[in-house]
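This report concerns only the one structure given below.
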Amino acid sequence: MAAPATRAFRYPGGPAPWHGSRVTPAMQTLMRDVARLWDDAADGLYDRGDPAPATAVLGDGVVWTELPTGAGGTGPDAVGGHLAVVAASLPGGGTRTRLSRTLDVRRIADEVRFAFTHDHELPWLLPGVAPTGRRVEVHAVQLVRVRQGRIDELRTLWDVAGLRTALGF
31 MAAPATRAFR
41 YPGGPAPWHG
51 SRVTPAMQTL
61 MRDVARLWDD
71 AADGLYDRGD
81 PAPATAVLGD
91 GVVWTELPTG
101 AGGTGPDAVG
111 GHLAVVAASL
121 PGGGTRTRLS
131 RTLDVRRIAD
141 EVRFAFTHDH
151 ELPWLLPGVA
161 PTGRRVEVHA
171 VQLVRVRQGR
181 IDELRTLWDV
191 AGLRTALGF
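Per the working numbering, the sequence shown starts with residue 31, numbered consecutively.
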């Protein structure tokens, strides 16, 4: 008895999207530029508490959103105000560790772990929660879109459920 015929899956309209794709040197340069732009902005904001490096690279129609709270803003002025609040309320002695990164020529997806002592109110992350003094870690996924050398959109998806559990809520 003959073995049943197998059929390879075919994508409509041609080969699979990744078939034969190559990352060219020009694409590699763009990817490095996008990574450097975001790294400089994030280092300033989260590591040094300085929103200036981030506000300097905001696009005209930038949208910045902290999820699940919805804090953030649209446009450079609103986002700059939000970043000033974030920078002013960051706990001292915190660390930020990138766990993974995926990027292309316009987008970055970073998985990040923030560790800190909850000694400040964090209105953009835990609105209405008074400082507990507990040392905690929170994971986040940051999705950054860059257009024409400027941050066009950023969404940070915080593990607020895990953070609230670590804080004893």
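Glycine included, C-beta positions come from ideal geometry on N, C-alpha and C. As the structure is a prediction and not an experimental result, all values here were calculated from the model.
In this structure, does DSSP put residue i in helix, strand or coil?
{"i": "H169", "result": "strand"}
{"i": "E66", "result": "In the sequence on display, residue 66 carries Arg and not Glu. DSSP places R66 in helix when its eight states are reduced to three."}
{"i": "D182", "result": "strand"}
{"i": "R164", "result": "coil"}
{"i": "R194", "result": "helix"}
{"i": "R78", "result": "helix"}
Taking all protein chains shown into account, decide if residue i is buried (16 or more other Cβ within 10 angstroms of its Cβ) or exposed.
{"i": "L129", "result": "exposed"}
{"i": "D77", "result": "exposed"}
{"i": "R199", "result": "First, the residue type needs correcting, since residue 199 is Phe and not Arg in the sequence shown. So F199 counts as exposed."}
{"i": "G102", "result": "buried"}
{"i": "Q178", "result": "exposed"}
{"i": "A84", "result": "buried"}
Based on Cα-Cα distance, which residue from the options lies nearest to residue i?
{"i": "R52", "options": "L97, D134, L113", "result": "D134"}
{"i": "L97", "options": "L88, P161, L187, A196", "result": "L187"}
{"i": "R137", "options": "A56, T54, A65, P55", "result": "A65"}
{"i": "A71", "options": "G89, G123, V166", "result": "G89"}
{"i": "T125", "options": "L184, E167, T162, Q58", "result": "E167"}
{"i": "G123", "options": "V174, R165, G100", "result": "R165"}
Per DSSP, residue i is paired with what?
{"i": "R177", "result": "R180"}
*asked:* To test your reading of the DSSP string, which unbroken beta strand (DSSP E) runs of 3 or more residues are found completely within the stretch 85–158?
replied: 88–97, 101–104, 125–133, 137–147
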